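The structure appears right after this line, and notes come after that.
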Amino acid sequence: MSKQTDNRKLLARGAQVLALMGLVVSLAACGGQAAEPTAVPEPTSTPTAAPTDTPTPAPTDTPTATPVPTDTPTVTPVPTDTPTPTPEPATGRPPASPDIVYIGNPTTPDGDPQVNISFDVQGDPATLYQILDILDQYGVRTTFFMQGEWVEQYPDAAKEIANRGHELGNHSWTHFNFSEMTAEEVTKELNDTEAIVKEVTGQTTKPYFRPPFGSRSTVSLQTAYDLGYTTIIWTYGADEWRDGATAQTIFDNVYGNKAPGALYYTHTDRQIIVDALPRVIEAFQADGYKLVTAGEILAVQENN
């Protein structure tokens with residue numbers, strides 16, 4: 004009995020002790036314990052306002068200033084000497100004609116008597132170069148009638164004639180008889196010669212054609228005209244090709260037949276021509292004659 008009583012007493016005291024201890028703990032928690040520190044919030048980045056495009060004001064038309072008119076200075080041209088053109092001895096070559104030409108104008112536009120001594124090219128050009136030198140010596144420019152085959156064989160000689168300032172005419176390609184040719188044959192002869200002369204010398208043979216031997220027909224005259232040529236024969240020939248010809252006979256046949264407007268012809272391949280030429284030129288010039296080209300002596304003159 005007493006033993007149970009003691010146990011109950013012990014239990015009661017234990018409960019009291021536990022209660023007391025719980026009270027102490029409660030008081031410590033309420034008053035003596037420091038308050039738990041308040042958490043400091045982490046700093047947050049203050050958001051930077053995103054830049055906004057500043058609107059560019061729309062351009063306004065800048066008023067254009069009205070220019071104040073100023074007097075434009077007048078440029079006074081500096082006077083220059085206007086070159087006076089050298090007067091031509093004639094108004095120019097006549098158009099091609101179907102008529103045969105035997106003689107030219109008797110005088111120059113200045114009234115001087117004039118003649119033409121022309122050359123048909125043929126043979127070895129050795130004497131040709133001597134003829135060119137003589138013409139240069141006396142200041143004479145004339146007309147050389149070019150044969151196509153000869154130009155093909157002696158292009159340098161043909162070029163030298165042109166380089167010396169002489170006029171060129173057409174003398175056919177083959178040197179055949181034109182009185183027996185068809186229109187087609189005449190056309191080929193003249194066109195082929197014109198082509199090679201232009202290729203070699205840069206000059207044309209138009210508008211003058213001298214047929215070999217002076218041979219012609221109605222067909223050849225009309226065909227040459229259709230191609231742009233006037234057929235030229237001669238007033239007198241030097242006849243240096245005849246048997247027994249000499250420098251004296253050449254002089255007699257040319258100067259001995261002195262006539263204003265006369266057309267004389269000779270060739271380029273005989274030494275007797277070289278021998279006679281200076282004397283012939285000197286005689287004409289001493290009489291006041293001008294030795295001119297076919298183009299000059301046949302030109303349309305203002306007083307005609």
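Convert by adding 3 to the 1-based position in the sequence shown; the result is the number in the working numbering. Idealized CB from N, CA, C, for every residue including glycine. Computed from a predicted structure; not experimentally measured.
Here Thr-226 is buried: its Cβ has 16 or more other Cβ atoms, across all protein chains shown, within 10 Å.
Residues of the same chain with a CB within less than 6 Å of the CB of Asp-159, apart from the 5 flanking positions on each side, do not exist. In the structure shown, Ile-235 adopts extended strand secondary structure according to DSSP, grouped into three states. The alpha carbon of Ala-99 has as its nearest neighbour, out of Thr-234, Ser-121, Ala-265, Arg-282, the alpha carbon of Thr-234.
With 16 or more neighbouring CB atoms inside 10 Å of its own CB, Ala-297 falls in the buried class.
About 5 Å separates the Cβ atoms of Gly-264 and Ile-106, confirming a contact at the 8 Å cut-off. With the rule of 3 Cβ pairs closer than 8 Å, the stretch 143-155 counts as touching the stretch 123-133. Minimum Cα-Cα distance from Trp-176 among the listed residues Asn-119, Val-189, His-169, Ile-164 corresponds to Val-189. Following the DSSP letters along the chain, one finds Val-277 inside the alpha helix (DSSP H) bounded by residues 274-289.
Cβ neighbours of Asn-260 within its own chain (closer than 7 Å, five residues either side excluded): Tyr-239. Secondary structure at Thr-269: strand, using DSSP grouped into helix, strand and coil. Fully enclosed alpha helix (DSSP H) runs of no fewer than 4 residues occupy 158-166, 186-204 of the stretch 158-206, in order along the chain. Residue pairing of Tyr-211 in beta bridges, as defined by DSSP: Thr-233. The beta-carbon distance between Thr-208 and Gly-172, rounded to whole angstroms, is 5 Å. This is short enough to meet the 8 Å contact definition.
DSSP places Asn-260 within a helical segment (H, G or I) once states are collapsed to three. Around the C-beta of Asp-290, fewer than 16 other C-beta atoms lie within 10 Å, and the residue is accordingly described as exposed.
For Ile-137, the enclosing alpha helix (DSSP H) covers residues 129-140. Taking 8 Å as the cut-off, the beta carbon of Arg-213 is found no closer than this to the beta carbon of Phe-181. For the options Tyr-258, Gln-206, Ala-286, the alpha carbon positioned closest to that of Ala-241 is the one of Tyr-258. Phe-287 counts as buried, since no fewer than 16 other beta carbons sit within 10 angstroms of its beta carbon.
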